[in-house]
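Everything on this sheet refers to the single structure shown next.
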Amino acid sequence: MNKGRKTTLEERIEIVAFCIEHCKDHGLTVEKYGVSYQQIYSWVRKYEEKRVEGLADRRGKAKPEEALTEADRLRMENKILQAKLKDIEMENKLLKKTERIGRWRLVSGVRNEEKYLAIQYMNEAEHYPIQKLCNAVHIARSAYYKWLHRTPSHSQQVN
């Protein structure tokens, strides 16, 4: 299925105006602007109902703060605070794990290996996202993956 092209609000207004000026000739509008018949039909209908506000793309946009009730606002704030708490708990667990692994006195010679091992453990055991784990210990995600897919040196293979 073809997705079509993206249009700005100004383009939609121009397309709808052209279609209405030409007695709602959707076929001619499709040829001129390269937008699907169904999309033009939908924009014209929305324009006739709500004028220019109907043509605005509101996908993914939250309600304005003024339109929320007190309960909705508190629910939204609670959700944000719970997400922050979860991130802080993840970071705390990761730092504790990094400290415990650091006590082993790793002899592999790889810098930050305790951080890499902690990230690997937390991802496998707790299913935390690698990007957040890397950000928490100030490691580039690419550096973690480079460490993960490394080939051990000859001296590491012997030991």
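Residue numbers (my numbering): 1 to 159. Don't be surprised by glycine CBs; every beta carbon is placed ideally from N, CA and C.
Between which two residues does the alpha helix (DSSP H) containing residue i stretch?
| i | result |
| --- | --- |
| aspartate 57 | Neither: aspartate 57 is in no alpha helix (DSSP H) and is coded neither H nor E. |
| arginine 75 | 70-102 |
| threonine 7 | Here threonine 7 belongs to no alpha helix (DSSP H), and DSSP marks it neither H nor E. |
| threonine 29 | 26-33 |
| asparagine 160 | Here the chain comprises residues numbered 1 to 159, so residue 160 is not present and cannot be evaluated. |
| asparagine 123 | 113-126 |
| valine 44 | 37-50 |
| valine 142 | Rather than valine, the amino acid found at residue 142 in this sequence is serine. Run containing serine 142: 141-148, per the alpha helix (DSSP H) assignment. |
Please name the residue in the options whose C-alpha comes closest to that of residue i.
| i | options | result |
| --- | --- | --- |
| valine 137 | Glu114, Leu148, Glu126, His127 | Glu114 |
| glycine 109 | Lys132, Ile13, Ser153 | Ser153 |
| lysine 132 | Arg150, Lys93, His149 | Lys93 |
| arginine 38 | Glu91, Cys19, Arg51, Asn112 | Just to set this straight, residue 38 is glutamine in the shown sequence, not arginine. For glutamine 38, the nearest C-alpha among the options comes from Cys19. |
| glycine 34 | Thr7, Lys86, Met122, Ala17 | Thr7 |
Is the CB-CB distance between residue i and residue j below 8 Å?
| i | j | result |
| --- | --- | --- |
| isoleucine 101 | alanine 118 | yes |
| valine 30 | serine 36 | yes |
| alanine 83 | leucine 9 | no |
| histidine 26 | tyrosine 41 | yes |
| tryptophan 147 | tyrosine 116 | yes |
| isoleucine 139 | asparagine 112 | yes |
Mind checking residue i: buried by the 16 CB within 10 Å criterion, or exposed?
| i | result |
| --- | --- |
| tyrosine 145 | exposed |
| lysine 96 | exposed |
| arginine 5 | exposed |
| isoleucine 80 | exposed |
| cysteine 23 | exposed |
| isoleucine 15 | buried |
| arginine 59 | exposed |
| arginine 75 | exposed |
| threonine 69 | exposed |
| arginine 51 | exposed |
Let me check you understand the geometry: is the CB of residue i closer than 7 Å to at least one non-hydrogen atom of the ligand NAD?
| i | result |
| --- | --- |
| lysine 50 | This structure lacks the ligand NAD; in fact it carries no ligand of any kind. |
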